[in-house]
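Structure first, commentary second.
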Amino acid sequence: DGLVAHYKFDEGSGNSAVDSSKNEIPATIGGGSNWVSVNGGYCLYFDGVHNYLNCGNSPVLDLKAGATVSAWIAPSAYQVASEPGVVGKGFTSFLLTYYPAGGSSYWYINWGGGGSTSGVVSAGVWSLVTATFDGSALKVYVNGSLVGTSNCTGQIASAGDLLIGCQSASGGVPTSPFKG
32 DGLVAHYKFD
42 EGSGNSAVDS
52 SKNEIPATIG
62 GGSNWVSVNG
72 GYCLYFDGVH
82 NYLNCGNSPV
92 LDLKAGATVS
102 AWIAPSAYQV
112 ASEPGVVGKG
122 FTSFLLTYYP
132 AGGSSYWYIN
142 WGGGGSTSGV
152 VSAGVWSLVT
162 ATFDGSALKV
172 YVNGSLVGTS
182 NCTGQIASAG
192 DLLIGCQSAS
202 GGVPTSPFKG
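With this note's numbering, letter number 3 in the sequence shown gets 34, and the count goes up by one each step, no holes.
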């Protein structure tokens, strides 16, 4: 149904991020904000310990039939977590992660079964990672090139809040936070 949420991170200060899609889903920065100026704009630096963004659980974020998730990331070579979350609703729904041991970004979908695919992402380098699921295949693109694909069918399971910068969060404490 088109663009569901789009966080540009161009605020430059404060503890929230604005969704520039028609849905205007509010997002709150957990663990304190760490805004960084980059190439004339801003981004959020996630410290791998405290910072994450909670976009809530609006019904429009239940992406059952398919999903496309994109994120510009520059992962730190040293990650505190073994497989930190980049964006998603956790392993019980959909999740894009970064696996530092192999330097790969993984895309997971859970529909009562499970599926994943991955592609290499270099540490310390800005990369556009896009992950898609169309109901029959998972795909990962890095900087516009298809780098991973896996066949799987079904609908995405509904679960929890959409989070950026960690796998999950409970009581304001992030689980497997991303550093970069």
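Every residue, glycine too, gets a C-beta built ideally from N, C-alpha and C.
Extent of the continuous beta strand (DSSP E) run through K178: Looking up residue 178 in the sequence shown gives position 147. Position check: residue 178 holds Val in this sequence, whereas Lys was assumed. S176 to N182 is the span of the beta strand (DSSP E), which, as asked, contains V178.
Using the DSSP secondary-structure output, state which residues sit across from V152 in a beta bridge. Here residue 152 corresponds to residue number 121 of the sequence shown, with the count starting at 1. Looking at the DSSP assignment, V152 forms no beta bridge with any residue, so it has no partner.
Is it the case that the Cβ atoms of A102 and V118 are separated by a distance below 7 Å? Walking along the sequence shown from the start, residue 102 turns up at place 71. Walking along the sequence shown from the start, residue 118 turns up at place 87. A contact, by the Cβ cut-off of 7 Å.
With a cut-off of 8 Å on the beta carbons, I'd call L94 and I195 a contact; round off their distance for me. Taking the first residue of the sequence shown as 1, we reach residue 94 at position 63. Taking the first residue of the sequence shown as 1, we reach residue 195 at position 164. At roughly 15 Å, the Cβ-Cβ gap does not stay under 8 Å, so L94 and I195 are not in contact.
How many Å lie between G179 and T148 at the Cα? As a working note, residue 179 is residue 148 in the sequence shown. As a working note, residue 148 is residue 117 in the sequence shown. Using only the alpha carbons, I get a separation of about 6 Å.
Using the C-alpha atoms, what's the distance from A190 back to N141? One-based indexing of the sequence shown puts residue 141 at position 110. One-based indexing of the sequence shown puts residue 190 at position 159. Straight-line Cα distance between these residues: approximately 10 Å.
Taking only three categories from DSSP, how would you classify V118? To locate residue 118, count along the sequence shown from 1; it is residue 87. Note: V118 maps to strand in three-state DSSP.
Segment contact flag, the region 68-83 with the region 42-53, C-beta cutoff 8 Å, min 3 pairs: yes
Any idea what DSSP makes of P90, helix, strand or coil? To locate residue 90, count along the sequence shown from 1; it is residue 59. P90: helix per DSSP, three-state reduction.
Would you list the residues sitting across from K170 in a DSSP beta bridge? By one-based count along the sequence shown, residue 170 stands at place 139. T163 and T180, per the DSSP bridge assignment.
Cβ of V173 within 7 Å of Cβ of V152? Within the sequence shown, the letter at position 142 stands for residue 173. Within the sequence shown, the letter at position 121 stands for residue 152. Yes.
Buried or exposed by the 16-neighbour rule on C-beta atoms within 10 Å, applied to G203: Locating residue 203 in the sequence shown gives position 172, where the first residue counts as 1. With fewer than 16 Cβ atoms within 10 Å of its Cβ, G203 is classed as exposed.
Applying the criterion that 16 or more other CB atoms from any shown protein chain within 10 Å of the CB defines a buried residue, is S120 buried or exposed? Counted from its first residue, the sequence shown places residue 120 at position 89. It is worth fixing the name first, because residue 120 is Lys in this sequence and not Ser. Classification for K120: buried.
On the DSSP bridge list, what partners appear for S207? Start at 1 with the first residue of the sequence shown, and residue 207 comes out as number 176. None, per the DSSP bridge assignment.
In or out: H57 buried (at least 16 other Cβ within 10 Å) or exposed? Stepping through the sequence shown from its first residue, residue 57 is reached at position 26. What sits at residue 57 in the sequence shown is Pro, not His. Exposed.
F77 to L177 span [Cα, whole Å]: Taking the first residue of the sequence shown as 1, we reach residue 77 at position 46. Taking the first residue of the sequence shown as 1, we reach residue 177 at position 146. Taking the straight line joining both Cα atoms gives about 26 Å.
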